Amino acid sequence: MPPAPSVFLPGLFDGQVALITGGGSGIGRGIADLLAALGAHVVLASRKIERVETAAEEIRAAGGKASGIAVDVREQELVKQMVADVAHTHGRIDLLVNNAAGNFYAPSESLSANAWKSVLEIDLYGTFFCAQAVLPVMRAQGGGSIVNISMTLHYRGWPLMAHATAAKAGIDAITRTLALEWARDKVRMNAVAPGPVPTEGVRKAFTPPPSADGVPDVFAVEKAMESYAQKMIPLQRWGSPADIANMVAFLASPAGAWITGAIMVVDGGEWLAKPQSCR
Ligand code: NAP
Ligand code: COA
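FYI, the numbering for the sequence shown is 0 to 278, going by numbering that gives the first Met the number 0.
Below, the structure is given as structure tokens:
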């Protein structure tokens, strides 16, 4: 767990409970690390219990408060049970981060009904089910904050991503709508739209096929990624989970107290600069 950046007060989230879906890997893990470093008890939720328990153990070993819980966010009953368990154990849920997602590049022409359904259900339905389930807990405690992790690819369209762009556009829509519906309960809903962050899945996409001797050329991956950053990202570097986590922490903190229904792009300027593709 890296030390929290000095822009945030030590103990900012002391006594608070943050539930982070997909918190065992990638961006979700970065969010968990930062919130734990700032004093929150982080509950990491995803399908693979060993993944979230290992991550929670690492956060505890670094001095944070953390636990793992199994859930498939596509299953509304499992989501309700998870939220009931967390509320029962901790007595509150101050922050929900809807970060879990599924994604892959695939031509829309041949996308199966199940492939479409899987991504829509994880990203869009999962976000809605988790938000709906935490609402009564947050209302009962006098308020709370929900941050949805979106993307920017749907701002102009992105070939081979019809399923994910549709799901994330839906997430942006519910971010604005639920922000209005739930403001009276002092529940704020915002979103963060990350640019490219080289998590395991993203690095895979940059990995060229193995050479004749079957060994992947790791230097080629680094070179391809460096070249992408130089050409495509105005701030000329990839993002990190910490870049996204900083925005989540800001939105969840008292500094974000008058912000609801906002979608904050954190992408080094990528989407503004991206040339339109017609692949
Ligand atoms: P990641 O490491 O693959 O994380 C996805 C997480 O979601 C995993 O921990 C996974 O855990 C969990 N998950 C998947 N299906 C689930 C389900 N049905 N129920 C519960 N949990 C589930 O991906 P990432 O790159 O960090 O992405 C995190 C978020 O950032 C996503 O919302 C993604 O769309 C968004 N984003 C990422 C980028 C980027 O460049 N990395 C860019 C824009 C937006 P289990 O397998 O254990 O379930
Ligand atoms: N191209 C086309 N279709 C694909 C695909 C691909 N690359 N990967 C999966 N699918 C299809 C499967 O063929 C299946 O459809 P079918 O039953 O008609 O054959 C459907 O998607 C569901 O796949 P399955 O593996 O059974 O689903 P799952 O529920 O176990 O996994 C996914 C969900 C597909 C989203 C999986 O990629 C996943 O779990 N991802 C989580 C990690 C991730 O995506 N991280 C990036 C976050 S942005």
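All C-beta atoms in this analysis are idealised placements derived from N, C-alpha and C, irrespective of residue type, glycine included. Every value quoted in this text rests on a predicted model; they were computed, and no experiment measured them.
- Separation of the CB atoms of residue 102 and residue 126 is rounded to 14 Å, and the pair is thereby denied contact status at 8 Å.
- In the DSSP annotation of this structure, residue 117 is not part of any beta strand (DSSP E); the continuous alpha helix (DSSP H) holding it starts and ends at 112-119.
- Any heavy atom of the ligand COA counts here; residues with a Cβ closer than 5 Å to one of them, in chain order, are 100, 101, 102, 103, 105, 111, 113, 114, 117, 200.
- Taking all protein chains shown into account, residue 11 has 16 or more neighbouring C-beta atoms within 10 Å of its C-beta and is therefore buried.
- Between the ligand NAP and the CB of residue 155, the shortest heavy atom gap is not smaller than 7 Å.
- Within the segment 250-277, the complete beta strand (DSSP E) segments at least 3 residues long are 262-265, listed from N- to C-terminus.
- For residue 20, the uninterrupted beta strand (DSSP E) segment begins and ends at 16-20.
- At least 8 Å separates the beta-carbon of residue 37 from that of residue 104.
- Boundaries of the alpha helix (DSSP H) around residue 163: 161-181.
- An exposed status is given to residue 155, since fewer than 16 other beta-carbon atoms sit within 10 Å of its beta-carbon.
- Beta-bridge annotation (DSSP): residue 97 is paired with 147.
- In terms of Cα proximity to residue 194, the closest of 147, 43, 232, 121 is 232.
- Pairing residue 23 with residue 51 gives a Cβ-Cβ distance under 8 Å.
- Its chain contains no residue whose beta carbon lies nearer than 6 Å to that of residue 62 once the 5 sequence neighbours on both sides are disregarded.
- Within the same chain, Cβ atoms closer than 7 Å to the Cβ of residue 21 are found at 27, 45, 98, 99, 100, the five residues on either side in sequence being excluded.
- In the three-state reduction of the DSSP assignment, residue 61 falls in the coil class.
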